[in-house]
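A short write-up of the structure that comes next.
Residue numbers (UniProt numbering): 1 to 402.
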């Protein structure tokens, strides 16, 4: 069985590998008739296109005044849609949290306003803690509509299939949320929509929000035909799963190797009876003329690729370059011009993922070492101790996930 991964990083590139058993990847058993076995995996990637902001360049935001160093990825304030409503429903005053995150209340009224992703991630985590509601992000996703995708909503809704709609979302992810890496894994009659939030801070709420938003998009496009196989999360389960069950209505798996939605390939390939190819063409022509909001960054592209490929054992410089549609020499030259190195970016991603994995007590250190590309727990322990100044077991004790 051949499995196809659609990593949207650069067009027309395939990268073949043998990889992990699908059931180990998603942590959910396959339904009858869906055979999940290891085989050849082909990666297809597309480079992000120009960034935009609703047809106009977003008003400038003084990143330095918000406590950020260097260039920060900016995303649409639409990512925080329903934040105020969920806060009020939980009896939470959002204003102090917005001030703490250095976000202005007025920005939330303009979905096309660009805001720092780190501030959004921090805001969601702080709100969940202040409200004692571990499902804060998921509650925000429950009432999302296609219109919340902004200028992209028309193009997405006019795609011939859900697979095409997802591929379009990935291709133009900079118009939706440039901090979320998306990956489609095809395995026979099953498909996994993998998602990773590119964040160096705890991002449980942002992860559940991102998965919930894509889940809602699929449900809105397919209607009653949307019958997913399951949803997986790398973090631990909350004590109360009622919100998860209400939104997803399918088997849930926590402490999995990846975050994502597992569904049937037939659902993704079912025709969209309301799709209008002429309208889709007009929408795409308009979107392709929009200016970028975030500066193009080879470092950001490499980082997104490593986030997706590291847990699968493919985060070598050669594989990442091929996935980006570049020769190894070209990628290295572009990184040199940007003052970055592949080794530094790989180490940064390892640090971010290591914190996420180690803080979850249900992940054995051997499992963490494998997900981070180490051949043994001892070699991982040496690296971790050098990076964080303590052994991973001690870090886990001090930073155990709730």
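Ideal Cβ placement from N, Cα and C applies to all residues, glycine included.
(request) Entirely within the segment 76-132 and at least 4 residues each: give me those alpha helix (DSSP H) ranges in chain order. (result) Within the segment 76-132, the complete alpha helix (DSSP H) runs of at least 4 residues are 83-89, 94-100, 117-130.
(request) Compare the C-alpha of residue 155 against each of 101, 170, 143 and name the closest. (result) 170
(request) Write down every uninterrupted run of the alpha helix (DSSP H) in the UniProt domain "HTH araC/xylS-type" (300-398) whose length is 4 residues or greater and which is fully enclosed by it, in chain order. (result) Secondary structure remark: continuous alpha helix (DSSP H) runs of at least 4 residues inside the UniProt domain "HTH araC/xylS-type" (300-398), in chain order: 317-323, 328-337, 342-358, 365-371, 377-388, 392-398.
(message) Using 9 Å as the threshold, is the C-beta distance between residue 218 and residue 166 below it?
(response) In this structure, residue 166 lies closer than 9 Å to residue 218 by Cβ.
(request) For the segment 189-207 and the segment 340-359, state whether three or more C-beta atom pairs, one from each stretch, are separated by less than 8 Å. (result) Touching, yes.
(request) Pick helix, strand or coil for residue 241, following the three-state DSSP scheme. (result) Note: residue 241 maps to coil in three-state DSSP.
(request) Let me know if residue 327 comes out buried or exposed under the rule of 16 or more other beta-carbons within 10 Å of its beta-carbon. (result) With fewer than 16 other Cβ atoms inside 10 Å of its own Cβ, residue 327 counts as exposed.
(message) Give me the residue from 144, 202, 113, 134 with the minimum Cα distance to residue 122.
(response) 202
(message) Quick check: what's the CA-CA separation for residue 132 versus residue 227?
(response) 31 Å
(request) Starting from the Cα of residue 130, find the closest Cα among 232, 93, 188, 262 and give me that residue. (result) 93
(request) Measure the alpha-carbon distance for residue 366 versus residue 358 and round it to whole angstroms. (result) 11 Å
(request) Have a look at residue 161 and residue 149 and give me their C-alpha separation to the nearest angstrom. (result) 18 Å
(request) Would you give the residue range spanned by the alpha helix (DSSP H) that residue 212 belongs to? (result) 204-222
(request) Could you check the C-alpha separation between residue 72 and residue 349 for me, to the nearest Å? (result) Each residue's Cα considered, the two are about 16 Å apart.
(request) Would you check if the distance between the CB atom of residue 144 and the CB atom of residue 213 is smaller than 9 Å? (result) Yes, the pair counts as a contact, with Cβ atoms nearer than the cut-off.
(request) Spatial neighbours of residue 108 within its chain, please: CB distance less than 7 Å, with the 5 preceding and 5 following residues excluded, ordered by chain position. (result) 77, 80, 83, 84
(request) Report the rounded CA-to-CA distance for residue 211 versus residue 379, giving the unit in angstroms. (result) 33 Å
(message) Please return the same chain residues whose Cβ sits closer than 7 Å to the Cβ of residue 389, not counting the five positions on each side in sequence.
(response) none
(request) Would you check if the distance between the CB atom of residue 344 and the CB atom of residue 298 is smaller than 9 Å? (result) no
(message) Just to confirm the assignment: which complete beta strand (DSSP E) runs, minimum length 3, are found wholly within the segment 254-284?
(response) 260-264
(request) Compare the C-alpha of residue 205 against each of 134, 241, 223 and name the closest. (result) 134
(message) If you follow the alpha helix (DSSP H) that residue 179 is in, where does it begin and where does it stop?
(response) Counting along the chain, no alpha helix (DSSP H) covers residue 179, and no H or E run does either.
(message) Taking the alpha carbon of residue 274 as the reference point, which residue from 336, 125, 266, 157 has its own alpha carbon closest?
(response) Of the listed residues, the one whose Cα sits closest to residue 274 is 157.
(message) Given this structure, state the Cα-to-Cα distance separating residue 262 from residue 96, to the nearest angstrom.
(response) 38 Å
(request) Could you check the C-alpha separation between residue 369 and residue 106 for me, to the nearest Å? (result) 44 Å
(message) Let me check understanding here. Comparing Cα to Cα, which of 336, 346, 338, 337 lies closest to residue 320?
(response) 346
(message) By alpha-carbon positions, which one of 322, 258, 278, 269 ends up nearest to residue 440?
(response) The first residue shown for the chain is 1 and the last is 402, placing residue 440 beyond what the model contains.
(request) Report the rounded CA-to-CA distance for residue 184 versus residue 268, giving the unit in angstroms. (result) 11 Å
(message) I'd like the span of the alpha helix (DSSP H) that includes residue 157, first residue to last.
(response) 152-157
(message) Between which residues of its own chain and residue 163 is the CB-CB distance below 7 Å, once the five residues before and five after are set aside?
(response) 268, 269
(message) Looking only at its chain, what residues have a beta carbon closer than 7 Å to the beta carbon of residue 159, apart from the 5 residues adjacent to it on each side?
(response) 165, 168, 272, 275, 280
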